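Please read the structure below before turning to the comments.
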RNA sequence: GGUGCCAUAGCUCAGUUGGUAGAGCAACGGACUGAAAAUCCGUGUGUCCCUAGUUCGAUUCUUGGUGGCACCA
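In the numbering used here, the protein residues as written are 24 to 326.
Structural data, given as C-alpha cells:
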C-alpha cells in the first residue's frame, strides 16, 4: 500500500515565558524540520531583547522563519502573516513532512489555522483621519456614524472599544460596503493537517519565570535597545510590552524601578490574556513543558 | 528607659460623628477577524494587631499589651 502521511503543521503554543522556545528546538531536531515563528513582535528586526528572540546558537542550528523578517516601519497584521505563511509552507513541505510553528500570538495562530476574512488594506491617511476625529469628536459621535453605515455590526460590536468602531468605519469607507457583510467568519480548510500542542504550567511558576526573564532582559541591555527605539515610540508596532514602559521612564513619567515592575506586571497580564484565548480552543492538546518525551510520542502517533 | 505617632485587602493607603468597610496597584475572569505583546469589559478576595472594658452594638471610644517608626535620654 502506498500510504503517504499527510503533510502536517504542528503548532506549538502557550503563554509567554512558558518554555516554548526550548521545546521547539527539541521538536525541530527530533523531527528534522524547520521552525516558523508565530510571534507578532519577534518578526520585527528592530527588537530582540524585549521580544525574547531565540539566541543566535539556536537560530544558526535550526532554520527559523518570521524572525527579524520585517521592519517596524511596515504595516504588518495577521492577514499578511496568513498569506506569507501559506506561501512559505509548500516549499517547506517539499523537504519536510512536518513543519513546526511556534508562538503565542493568538490571532496570528488563528489566521493560519482557521483563516481570516478577505478585507482590503486600509489607507494610512484614512486611519489617521478617523483617529483624529475620534479624538476630537469623541466615541459617541463615531458610534452614531457606525450605526448609520452598518447597523448590523453596530448591534454586535463592543461599543466601548474605540479600535473596533474605527476599524469598522475604515472598512465601510474603504469598500463602500458594510463591514458586517464582509465578515464571513468562515473557517478556511487547509490542504495540510494541523496539530495544536499547548504548553502550560503552574501559574506561580509561570509568573516566577516571567519576572526572572524581565530581570535577565534588563541585564542583557533592554534599556539601551529601547532607548534607541524611543524616537519611534508612537508607532503601533512599538506599542509593545517591555518597550512602552521604558518609554514612560525615558519620558520622565516614572522611575526606572517602576518601569521594570510594570513590564513584569504587563507581561503577566499578557500571559493571562493568552490563556483566556487558548482556553476556548478545543483543538489544543495540553502538556507541561517538561513532557518532551510524551509530546514526541504524541506527535509520532498522530503522523 | 521616656514621650509621641502608627497598626484596615497581597502592597500603598482612605474611611466609619459607634450600626462589621473602599480606592489605586497587584490578583482573578471574560470579549476579540488587517493595531492582537493591540484594544475593551467585568469581579473585592478582609479576625479592620491582640486583650479587657463602656455600649443594645466596638474596626471606630477607654485600659493594658504586642509590633513598627520618630524624637528625647
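The C-beta atom is built at its ideal place from N, Cα and C for all residues, glycine as well. For clarity, every value in this text was computed on a predicted model and none was experimentally measured.
Quick one: what's residue 125 bridged to in DSSP?
Answer is 35, 60.
Cβ-based neighbour list, residue 64, same chain, cut-off 7 Å, excluding 5 preceding and 5 following
70, 74, 263
Are the beta-carbon atoms belonging to residue 125 and residue 222 less than 7 Å from one another?
no
At which residues does the beta strand (DSSP E) containing residue 188 begin and terminate?
Not the beta strand (DSSP E): residue 188 falls in the alpha helix (DSSP H), residues 185-198.
Hey, residue 266 and residue 249 are a contact pair by Cβ (cut 8 Å); roughly how many whole angstroms apart?
5 Å
I need the straight-line Cα distance from residue 185 to residue 145, nearest angstrom please.
16 Å
Distance check for residue 50 and residue 317, CA to CA, integer angstroms please.
11 Å
Within 10 angstroms of its Cβ, does residue 253 collect 16 or more other Cβ (buried), or is it exposed?
exposed
Excluding the 5 residues flanking residue 79 on each side, which residues of the same chain have their C-beta closer than 6 Å to its C-beta?
none
Could you please give the first and the last residue of the uninterrupted alpha helix (DSSP H) stretch that includes residue 252?
Counting along the chain, the alpha helix (DSSP H) containing residue 252 begins and ends at 245-252.
Touching by the beta-carbon criterion (3+ pairs, under 8 Å), the segment 138-156 and the segment 193-212:
yes
Could you give the distance in angstroms between the alpha-carbon of residue 299 and the alpha-carbon of residue 89?
25 Å
Exposed or buried, what is residue 210 when buried is set at 16 or more other beta-carbons lying within 10 Å of its beta-carbon?
exposed
If you compare alpha carbons, which of 135, 72, 216, 312 is closest to residue 228?
It is 312.
Could you name the residues of the same chain whose beta carbon sits closer than 6 Å to that of residue 25, not counting the 5 residues immediately before and after it, in chain order?
Unreliable positioning characterises residue 25 in this predicted model, as indicated by a pLDDT of 40, which lies under 50. The coordinate reading is nonetheless provided below. Once the five neighbours on either side are set aside, residue 25 has no close Cβ partner at all.
So residue 39 and residue 297 are in contact, right, with Cβ under 8 Å, and what is the actual spacing, rounded?
That belief holds up - the Cβ atoms of residue 39 and residue 297 are roughly 7 Å apart, short of 8 Å.
Sequence-distant residues of its chain with Cβ nearer than 7 Å to residue 130 (five each side left out):
101
Report the rounded CA-to-CA distance for residue 276 versus residue 246, giving the unit in angstroms.
15 Å
Using the Cα positions of residue 155 and residue 180, report the straight-line distance between them to the nearest angstrom.
21 Å
Here's the rule I'm using: 16 or more other beta-carbon atoms within 10 Å means buried, otherwise exposed. How should residue 325 be labelled?
exposed
To the nearest angstrom, report how far apart residue 273 and residue 120 are at their CA atoms.
48 Å
For residue 171, count neighbouring Cβ atoms within 10 angstroms of its own Cβ and tell me buried if that reaches 16, exposed if not.
exposed
Give the straight-line distance between the Cα atoms of residue 87 and residue 58, rounded to the nearest whole angstrom.
5 Å
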